[in-house]
Each structure stands twice: as C-alpha cells, then as structure tokens.
Amino acid sequence: MMEEQNENQINIELSEEVAEGVYANLAIITHSSSEFVLDFIRVMPGVPKAKVKSRIVLTPEHAKRLLAALEDNLEKFEAINGRIKIQNEPTGFPMNFGGTMGQA
Numbered sequence: 001m002m003e004e005q006n007e008n009q010i011n012i013e014l015s016e017e018v019a020e021g022v023y024a025n026l027a028i029i030t031h032s033s034s035e036f037v038l039d040f041i042r043v044m045p046g047v048p049k050a051k052v053k054s055r056i057v058l059t060p061e062h063a064k065r066l067l068a069a070l071e072d073n074l075e076k077f078e079a080i081n082g083r084i085k086i087q088n089e090p091t092g093f094p095m096n097f098g099g100t101m102g103q104a
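The sequence shown lines up with residues 1 to 104 when you count with full-length UniProt numbering.
#1: Could you pull the start and end residues of the beta strand (DSSP E) that R55 belongs to?
#2: Skipping 5 residues on each side, what residues in its chain have a beta carbon closer than 7 Å to that of residue 114?
#3: For the beta strand (DSSP E) containing A19, list its first residue and its last residue.
#4: Just to confirm, are F36 and A19 a CB contact at a threshold of 9 Å?
#5: Expressed to the nearest angstrom, what Euclidean distance is found between the alpha-carbon atoms of E16 and I41?
#6: Who are the near neighbours of residue 118 in its chain, counting only those whose CB is closer than 8 Å to its CB and skipping five residues on each side?
#7: Quick one: what does DSSP say M101 is sitting in, helix, strand or coil?
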C-alpha cells in the first residue's frame, strides 16, 4: 500500500522567485477550441498603460477543474469570513479603484 501511495505523489518545487507571487487586479480570459488563456494584469490609477504580469495556458478540462477548485475555496473562505461583496461597476475598467483621484 505504501508503494502505491508514493507512486501517485508528485513532488512540487516552489522557487523563491515564484513564491513571492505577482499582484494582479485584472484578469482577461480568452479561449480557442483547444485551450484557455488567462492573462493577469496590474492596472495602476492614472496610468493609461498596463502590462500583462503573468499568462497561464490551460486545457479546457483543466480550466473546468480550476473553476471547480475556485468555487470550493470561495465557499470555504465565505463560510469563515463572510460573503465577499462585489461592487457593481459601470462598463469599462475602474481606473480610480473606488476612491477619489489624487490631485497635485
């Protein structure tokens, strides 16, 4: 039994650079018949240009598994921390992050 468990285990390595993470506050998802592409972007107030900080390419099956895992984790998070509220935004991207624009 122990040998079977070891065969099915995956050793996952996390480098220090990747462990730091990358902040993103916008995600754009596109897809073709064979893959889903998730672009994670950091939009800054007052800056008209934003760069893609990370791109993840998934098969449709893995995209569906990711969706299920996110739903499961959100349910667990909300059970402990309360419901996450999403503000209704007008069309377009919120460039002022819900606060007032800074003035010089």
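All C-beta atoms, glycine included, are put in the ideal place defined by N, C-alpha and C.
So, to answer that:
#1: K51 to L58
#2: The structure shown does not extend to residue 114, since the chain is modelled only from 1 to 104, so the question has no answer here.
#3: That residue, A19, is in no beta strand (DSSP E); its alpha helix (DSSP H) goes E16 to A19.
#4: no
#5: 21 Å
#6: Absent from the structure is residue 118, since the part of the chain shown begins at 1 and ends at 104.
#7: Low per-residue confidence applies at M101: pLDDT is 48, beneath 50, and the placement is therefore not dependable enough to give any value.
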